[in-house]
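So the protein sequences, as listed, match chains W and A. Under the numbering used here, the first residue of the first sequence carries the number 1, and numbering increases by one thereafter. Under the numbering used here, the first residue of the second sequence carries the number 327, and numbering increases by one thereafter.
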Amino acid sequence: MDDGPGGWLTMASPVVEVQGLVKHFTLGGGVVASMLGRSPRVVKAVDGVDLTIGRSEVFGLVGESGSGKSTLGMTLVKLYQPTEGSISFRGRDVTRIAGSALKTYRKDAQIIFQDPYGSLNPRLSVAQVVEEPLRIHGVSDDAERGTKVVEALDRVRVPAAEYLDRYPHELSGGLRQRIAIARAIVLEPEFIVADEPVSMLDVSIQAGILELLERLSRELGLAVLYVSHDIATVRYICDRVAVMYLGRFVEYGDTETVIARPGHPYTKRLMAAVPSVDPASQRTRVDAHPDPSGSDTAGAATETCTHEEPHWEEVEPEHYVACPLH
Amino acid sequence: MAEMVEFPGPGRGGPTRDVLEVWAGTRRRSGLAPFVDGLRLLVRDPFALVGLVIIAVFFLVAALSGFLAPYDPYEALPTPEGELARLETPSGDHWLGTTAFGNDVLSQLLVGTRVAFIVGISAAIVVGIISTLLGLLSGYYGRYVDDVIMRATDVALSIPTLPIAIVAVAILGASLRNIILVVVLLFWRNGARIVRSVVLTEKEKVYVQAARAAGASHLYIMRVHILPNVIPVAFLWMTMSVAFAILAEASLSFIGLGDPNAMSWGQMLNLAFTEGSIRTAWWWVLPPSLCLVFLISSIYVVGRAWEEKTNPRLRRR
Chain W
1 MDDGPGGWLT
11 MASPVVEVQG
21 LVKHFTLGGG
31 VVASMLGRSP
41 RVVKAVDGVD
51 LTIGRSEVFG
61 LVGESGSGKS
71 TLGMTLVKLY
81 QPTEGSISFR
91 GRDVTRIAGS
101 ALKTYRKDAQ
111 IIFQDPYGSL
121 NPRLSVAQVV
131 EEPLRIHGVS
141 DDAERGTKVV
151 EALDRVRVPA
161 AEYLDRYPHE
171 LSGGLRQRIA
181 IARAIVLEPE
191 FIVADEPVSM
201 LDVSIQAGIL
211 ELLERLSREL
221 GLAVLYVSHD
231 IATVRYICDR
241 VAVMYLGRFV
251 EYGDTETVIA
261 RPGHPYTKRL
271 MAAVPSVDPA
281 SQRTRVDAHP
291 DPSGSDTAGA
301 ATETCTHEEP
311 HWEEVEPEHY
321 VACPLH
Chain A
327 MAEMVEFPGP
337 GRGGPTRDVL
347 EVWAGTRRRS
357 GLAPFVDGLR
367 LLVRDPFALV
377 GLVIIAVFFL
387 VAALSGFLAP
397 YDPYEALPTP
407 EGELARLETP
417 SGDHWLGTTA
427 FGNDVLSQLL
437 VGTRVAFIVG
447 ISAAIVVGII
457 STLLGLLSGY
467 YGRYVDDVIM
477 RATDVALSIP
487 TLPIAIVAVA
497 ILGASLRNII
507 LVVVLLFWRN
517 GARIVRSVVL
527 TEKEKVYVQA
537 ARAAGASHLY
547 IMRVHILPNV
557 IPVAFLWMTM
567 SVAFAILAEA
577 SLSFIGLGDP
587 NAMSWGQMLN
597 LAFTEGSIRT
607 AWWWVLPPSL
617 CLVFLISSIY
627 VVGRAWEEKT
637 NPRLRRR
């Protein structure tokens, strides 16, 4: 991968920079299995990803279930240890950090989970949920924590006086997600992974949460990795987007360009699957069988490829497509 | 696009609530505060209150049994005519009658309360601590820690209960301390498995991952997010262990391995059984049975209410 990503790496002071990231999961590697000489099965969730995200940028990551997009997000905040490759945060290598360095990184990189019903401990009040990260990071002064919690709740537009002493089961999904976001920003991080933050919410309140994320990114200079399978929400808030398939990026670039003129056969299929509001446009049926690099003629795959290695092609400025033959 | 408004109108307390006051209201007083709060909530539950009162009464009786018992529980008492007071029905002299050996049932019952508390409670506490600790470590850390602890549990589970108890007490000697030790050795294994299964579900909760992403240590996660969900289960297991402990003590007493210096409820029942009086001498059989039922169900009701009160979702507001 020497052609494409170079263009990205020149970005002025990226917050997060990822090179060749690989995350494999080993299944069935127990004591008994190893004694019986069974070789463990390997799942290649993330299989070589390059990526940079800058300040105040919302970077979209789309792909179907099982494409490895959530794993990538969770590896970036170090909930998983990468198998190979490197992650650097503001120029500092955080791939293999542990102990106090990891704790410092946790302060800078936060995650918002998909399920707002599961991400808040039902035994803790809103105040306790939002202040927990402060407690963990040793903010021992109660008044100081109070001020910061109220400030974070203000930022997510939740009236603190009304909700501080409520418990999660008393709140709606949208409110819970706002609380989860408040908790994520209370430590003033610079990077947030939003793992499908609106997919479990009612459509009527999705826009509010997306709006909030975009505004926070702008106001706080946050780098946001927005993971989703919903092209519509990606289009709504993302500056750039990458399409992920079987653990790899197959296409990335400016959101509008990628959506308007998808270059990779897989992206074309993905876009063809998005319902259109125009009654005149007939959706073309494409073979949904997941074989983007194979023999089908859905897109550019008819060309012959002379390269040995997977490589990127810049089809237009800031729009890269992976060679579909690899 | 305007931001969606999703807040219901003015909520509890109206718009006049002061942020800092509300914040101060959410503060937990440190140390024993959760237990004090829990106790305060328990007292409001009628069932739990009754259970607590019964336990408290039994506890007082156990503590004061030496003063309360009208006779020596082992003394073979004579009738005014000079014969052995054998299987006498309740009367003014013997409120709960006498046994086939001429002992005063009430005195034995009162002394038995103390034995029940000593054996039941101390065994349950040790069982609770060991099971919680091993289950927590095994479930939370998984992998090799889990393998080692669970294989040890499997071995412990394969031990037949009563034969080992008999052998152990026979070797170590018949005393309350050894009976407690044997009960602990035999009952930590199920508790550890139960706690482990709870930990396995709890540690997969998204909020545990959220805490980890926030930088929480393993100790913090276990203490704040896992233990509160484990304790009610461990507590329930402990209440069952009380019953097991008392039963095990009775079983051992039955075959002559009970502490000869301690008259327990189980021992009373077993004596009544061996004397063939279990169907006839109701005054000998009913009191220890009822005491067992009341004490154990009270502990169970309090354990159940405790779980309900410490879990906000079950809390009736």
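Cβ coordinates follow ideal geometry from the N, Cα and C atoms, glycine included.
### Message
Using a Cβ-Cβ cutoff of less than 8 Å, which residues in the same chain neighbour W:R218 once the five nearest sequence positions on both sides are dropped?
### Response
S56
### Query
Exposed or buried, W:G294, counting other C-beta atoms within 10 Å across all chains shown (16 or more means buried)?
Bear in mind that the predicted position of W:G294 carries a pLDDT of just 47, short of 50, making it unreliable; the figure below should be weighed with that in mind. By the beta-carbon neighbour count (other beta carbons within 10 angstroms, threshold 16), W:G294 is exposed.
### Task
Spatial neighbours of W:H169 within its chain, please: CB distance less than 7 Å, with the 5 preceding and 5 following residues excluded, ordered by chain position.
P122
### Task
With DSSP collapsed to three states, give me the class of W:Q110.
strand
### is_contact[A:A478, chain W] using C-beta, thresh 9 Å
no
### Task
Please name the residue in A:R412, A:V550, A:M564, A:N596 whose C-alpha comes closest to that of A:L612.
A:N596
### Message
Using DSSP's beta-bridge definition, name the partner residues of W:R92.
### Response
W:F89
### Euclidean distance between Cα positions of A:A496 and A:L583
7 Å
#### Entry: C-beta contact flag for A:G423 and A:L410 at 9 Å
no
### C-alpha distance - W:A180 paired with W:S119, whole-angstrom precision
7 Å
### A:G517 vs A:M589 beta-carbon contact at 9 Å
no
### Query
Along the chain, where does the beta strand (DSSP E) that runs through W:M244 open and close?
240-245
#### Entry: Partners in chain A for W:H137, counting only beta-carbon separations shorter than 7 Å
G541
### Task
Note down the Cα distance separating W:A300 from W:G247, rounded to an integer number of angstroms.
Residue placement at W:A300 is poorly supported in this model, since its pLDDT is 43, which falls under 50; the coordinates are not used for a value here.
### Query
Is A:W609 helix, strand or coil by DSSP?
The answer is helix: DSSP assigns A:W609 an H, G or I state.
### Message
I need the straight-line Cα distance from W:G85 to W:R155, nearest angstrom please.
### Response
35 Å
### Query
What are the partner residues of W:E313, as DSSP defines its beta bridges?
W:V321
### Message
Taking its Cβ as the centre, do 16 or more other Cβ atoms sit within 10 Å of W:Q114, making it buried, or is it exposed?
### Response
buried
### Message
With a threshold of 8 Å on Cβ separation, who are the neighbours of A:I572 within its own chain once the five nearest residues in sequence on each side are excluded?
### Response
So the list reads A442, V445, G446, S590, W591, G592, L618, I622, once near-sequence residues are dropped.
### Task
Report the three-state DSSP secondary structure of W:V15 (helix, strand or coil).
coil
#### Entry: Uninterrupted beta strand (DSSP E) stretches inside the stretch 109-142 of chain W (no shorter than 3 residues)
Those beta strand (DSSP E) runs which fall completely within the stretch 109-142 of chain W and span 3+ residues are 109-112.
#### Entry: Distance between W:T147 and W:V186 (C-alpha atoms, nearest Å)
10 Å
#### Entry: contact_flag[the stretch 546-561 of chain A, the stretch 520-538 of chain A] where n(CB pairs < 8 Å) is 3 or more
yes
### Message
Could you pull the DSSP bridge partners for A:F427 from this structure?
### Response
Paired residue(s): none; A:F427 is not in a bridge.
### Task
Identify, in the order they occur along the chain, each residue of the same chain with its Cβ nearer than 6 Å to the Cβ of A:W514, setting aside the five sequence neighbours on each side.
V453, I456, S457
### Message
If I follow the unbroken alpha helix (DSSP H) through A:R549, where does it start and stop?
### Response
Premise fails: A:R549 is in no alpha helix (DSSP H) and is neither H nor E.
#### Entry: Closest Cα partner of W:K23 within the set W:K78, W:E17, W:V243, W:S39
Selected option, being the one with the closest Cα: W:K78.
### Query
Residues in its own chain within less than 8 Å of A:L375 by CB, not counting five upstream and five downstream?
L368, V369
### Message
Looking at chain A, is there any beta carbon in it that lies within less than 9 Å of the beta carbon of W:F113?
### Response
yes
### Query
Residue ranges of each alpha helix (DSSP H) run of no fewer than 4 residues wholly in the stretch 19-84 of chain W, ordered along the chain?
At a cut-off of 4 residues, the continuous stretches assigned as alpha helix (DSSP H) that sit fully inside the stretch 19-84 of chain W are 31-35, 69-76.
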